[in-house]
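Novice: Count along the sequence shown from 1, add 93, and you get the number used in the working numbering.
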Amino acid sequence: MITPLAERLRPTQLDEIAGQEHLLSEKGLIKTTLFQKKPLSLLLWGPPGSGKTTLALAYSKAFDARFISMSAVSHATSDVKKLIQDMQTHPLLQKQITILFVDEIHRWNKAQQDLFLPYLEGGLFILIGATTENPSFALNNALLSRLRVLQLYSLNSSSLQKIMHRYEEKYTKLSLSPKAKEMLITAAQGDGRHLINLIENLEPLLIKKQLIEEQDLLSLLQKKSPLYDRQSDQHYQLISALHKSIRGSDPDAALYWLARMLNAGEDPQFLARRLIRMAVEDIGLADPQALGLALHAWEAFAQLGSPEAELALAQAAVYLALSPKSNALYIAFNQAKELAKETSHLPPPAFLINSVTKLDAELGHGKDYQYDHDLPFAFSGQNYFPQDLIRCKFYHPKSYGFEREMQKRVSYFEQLRKKNPPS
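1) Going by CA-CA distance only, name the one from 177, 159, 193, 201 that's closest to residue 166.
2) So residue 99 and residue 289 are in contact, right, with Cβ under 8 Å, and what is the actual spacing, rounded?
3) Can you find the residues in the same chain that come closer than 6 Å, C-beta to C-beta, to residue 489, ignoring five residues on each side of it along the sequence?
4) From the DSSP output, in three-state form, read off residue 407 for me.
5) For residue 156, I'd like the list of residues in its chain whose CB is within less than 6 Å of its CB, leaving aside the five on either flank, ordered along the chain.
6) Residue 101 lies in the alpha helix (DSSP H); which residues open and close that run?
7) So for residue 138, helix, strand or coil by DSSP?
8) State buried or exposed for residue 362, treating a residue as buried only when at least 16 other CB atoms are found within 10 Å of its CB.
9) Could you round the C-beta distance between residue 113 and residue 144 to whole angstroms and report it? I think they count as a contact, below 8 Å.
10) How do the stretch 439-457 and the stretch 401-414 stand: do at least 3 beta-carbon pairs fall below 8 Å, yes or no?
11) For the stretch 480-497 against the stretch 369-379, are there 3 or more C-beta pairs whose distance is under 8 Å?
12) How is the beta strand (DSSP E) around residue 219 delimited, first residue to last?
13) Do you know offhand how far residue 164's Cα is from residue 111's?
14) Are three or more beta carbon pairs between the stretch 120-128 and the stretch 165-184 nearer than 8 Å?
15) Using C-beta distances below 7 Å, list every residue in its chain close to residue 399, excluding the 5 sequence neighbours before and after it, in chain order.
16) Kindly indicate which three-state DSSP category residue 206 falls into: helix, strand or coil?
17) In chain order, what residues of the same chain have a beta carbon less than 8 Å from the beta carbon of residue 470, not counting five sequence neighbours either side?
18) Would you identify the three-state DSSP class for residue 64, choosing helix, strand or coil?
19) Is the Cβ-Cβ distance between residue 268 and residue 304 less than 7 Å?
20) With a cut-off of 7 Å, does the C-beta of residue 148 fall near any C-beta of chain D?
21) Would residue 146 and residue 208 be called neighbours here (beta carbons separated by less than 7 Å)?
22) Rounded to a whole number of angstroms, what is the C-alpha to C-alpha distance between residue 174 and residue 206?
23) In angstroms with no decimal places, state the Cα-to-Cα distance between residue 199 and residue 495.
24) Going by the DSSP bridge assignment, what does residue 164 pair with across the sheet?
25) Please say whether residue 350 and residue 368 have beta carbons closer to each other than 7 Å?
26) What residues in its chain sit with their C-beta under 7 Å from that of residue 500, if we drop five residues either side in the sequence?
27) Could you spell out the range, first to last residue, of the alpha helix (DSSP H) harbouring residue 242?
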């Protein structure tokens with residue numbers, strides 16, 4: 094069996110690991126734990142190729158522990174039960190620290206995760222889980238409270254170069270032109286494993302000892318699929334980045350995140366709906382045209398589809414980013430909903446109820462209602478809230494954008510109301 098290059102290059106010592114300096118520096122948690130000589134159960138959370146498995150292996154070796162590796166994809170909880178049974182029936186196995194590494198631990202449901210709890214409490218083994226998903230959603234709270242969560246990050250250019258240097262030390266020089274080297278690092282997209290796989294693809298050229306140029310790479314390198322899954326954290330992280338870029342009035346960042354999501358295969362209809370939400374949630378009446386433009390982008394996509402209508406989404410994103418921002422309407426409506434829940438038992442005042450039957454008339458329905466169009470300024474100033482509820486003020490328009498005009502109108506009607514208070 095041929096061992097993949099990624100496995101042959103895997104560091105075995107913590108000091109050899111590329112990246113994750115925030116964990117591996119002298120003041121980082123990993124080194125602190127080693128100094129205290131007390132291994133902790135960990136959850137390593139990070140993107141593919143960030144070094145989760147490598148860190149678990151090196152951590153285990155640093156404690157001279159017995160290392161058992163499982164994957165929630167290919168192993169069942171029955172395998173864990175067998176391991177536990179073996180350790181309980183063979184006390185000698187308990188004399189050495191055992192570290193159980195479970196890759197993609199989020200794949201086991203929360204009931205299956207409960208299996209670990211009593212054995213972590215009893216100290217039978219140290220558990221290290223690895224996940225690409227947000228632990229708050231992927232793991233149950235009981236297990237999460239017993240693990241120290243360590244976040245790993247995609248590898249930067251310097252860390253990827255360290256991996257390339259490690260390859261050169263162990264095998265052969267990477268004869269790459271500066272631009273080809275830069276292209277290789279860019280193609281890895283922060284994924285150490287992917288970089289090593291790319292180098293492995295280049296080995297036939299490396300054997301020839303010739304300088305590899307950009308053009309040579311173009312024919313050999315396959316494009317790495319964007320790190321994206323519509324059900325994963327990445328989906329929510331990117332849409333959050335797009336939303337916050339628009340809210341922060343940055344059209345360039347908005348275009349970037351929109352392009353990232355479209356390139357990754359996001360449903361454009363989802364993006365169009367999200368733009369509509371941004372128009373009402375973050376802009377509102379500060380620019381009433383924003384909602385119309387977002388709706389037009391949605392309609393354009395329904396008519397044209399990709400890729401032609403993607404430009405309509407970009408147009409809407411830029412317009413929204415450059416629109417004046419206001420959440421006054423969003424806040425006002427949420428406050429109104431809360432009060433409506435609390436006072437759902439209160440009926441409308443009698444004068445607002447249409448009088449249709451004789452009984453309605455006897456109950457005073459419609460009595461004393463003033464038809465606003467028959468009054469000066471078409472305004473009666475009546476209190477339209479329930480009788481037992483003091484008139485509330487939810488909507489506080491901002492002093493800029495079109496809401497400046499709305500603020501004038503609110504003030505205008507408030508002045509009229511003061512001049513003609515409801516009886």
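Ideal Cβ positions, reconstructed from N, Cα and C, are used throughout, including at glycine.
Specialist: According to the structure shown:
1) Indexing the sequence shown from 1 puts residue 166 at position 73. Ranking the options by Cα distance to residue 166, first place goes to 201.
2) Position 6 of the sequence shown, counting from 1, holds the residue named residue 99. Position 196 of the sequence shown, counting from 1, holds the residue named residue 289. Confirmed, about 4 Å.
3) Locating residue 489 in the sequence shown gives position 396, counting from the first residue. Excluding positions up to five away in sequence, the list reads 421.
4) As a working note, residue 407 is residue 314 in the sequence shown. Assigned with DSSP and collapsed to three states, residue 407 falls in helix.
5) The residue labelled residue 156 in the question sits at position 63 within the sequence shown. The answer, listed in chain order, is 132, 190.
6) Reading the sequence shown from its first residue, position 8 is the one you call residue 101. Start and end: 98-101.
7) The count along the sequence shown starts at 1 and reaches residue 138 at position 45. Here residue 138 sits in strand by DSSP.
8) The count along the sequence shown starts at 1 and reaches residue 362 at position 269. Exposed, because fewer than 16 other Cβ atoms sit within 10 Å of the Cβ of residue 362.
9) Here residue 113 corresponds to residue number 20 of the sequence shown, with the count starting at 1. Here residue 144 corresponds to residue number 51 of the sequence shown, with the count starting at 1. The Cβ separation is near 6 Å, so the contact holds.
10) The stretch 439-457, when compared against the stretch 401-414, does not touch it at the 8 Å Cβ threshold.
11) Under the three-pair Cβ rule at 8 Å, the stretch 480-497 counts as touching the stretch 369-379.
12) Looking up residue 219 in the sequence shown gives position 126. DSSP places residue 219 in the uninterrupted beta strand (DSSP E) bounded by 219-224.
13) As a working note, residue 164 is residue 71 in the sequence shown. As a working note, residue 111 is residue 18 in the sequence shown. About 23 Å.
14) In this structure the stretch 120-128 does not touch the stretch 165-184; the number of beta carbon pairs closer than 8 Å is below three.
15) Taking the sequence shown and counting its residues from 1, one reaches residue 399 at position 306. So the qualifying residues of the chain are 361.
16) Looking up residue 206 in the sequence shown gives position 113. When secondary structure is reduced to three states using DSSP, residue 206 falls in the helix class.
17) On the sequence shown, position 377 is the one that residue 470 refers to. Counting only Cβ-Cβ distances below 8 Å, and skipping sequence neighbours, we find 509.
18) Past the boundaries of the shown model lies residue 64; the chain is included only from 94 to 516, so the question cannot be answered.
19) Reading the sequence shown from its first residue, position 175 is the one you call residue 268. Reading the sequence shown from its first residue, position 211 is the one you call residue 304. Yes. Within cutoff.
20) Protein chains in the displayed structure number just one, and chain D is not present.
21) As a working mapping, residue 146 is identified with position 53 in the sequence shown. As a working mapping, residue 208 is identified with position 115 in the sequence shown. The Cβ atoms of residue 146 and residue 208 lie no closer than 7 Å to each other.
22) Locating residue 174 in the sequence shown gives position 81, counting from the first residue. Locating residue 206 in the sequence shown gives position 113, counting from the first residue. Here the alpha carbon of residue 174 sits roughly 12 Å from the alpha carbon of residue 206.
23) Counting from 1 along the sequence shown, the entry for residue 199 is found at position 106. Counting from 1 along the sequence shown, the entry for residue 495 is found at position 402. A direct Cα-Cα distance of roughly 48 Å separates residue 199 from residue 495.
24) Numbered from 1 along the sequence shown, position 71 holds the residue referred to as residue 164. The beta-bridge partner set that DSSP reports for residue 164 consists of 196.
25) As a working note, residue 368 is residue 275 in the sequence shown. As a working note, residue 350 is residue 257 in the sequence shown. The beta carbons of residue 368 and residue 350 sit no closer together than 7 Å.
26) For the purposes of this step, residue 500 is taken as residue 407 along the sequence shown, with counting starting at 1. Taken in chain order, the residues that qualify are 490, 492.
27) For this step, residue 242 is matched to residue 149 along the sequence shown. Segment 241-244 is the beta strand (DSSP E) holding residue 242; no alpha helix (DSSP H) there.
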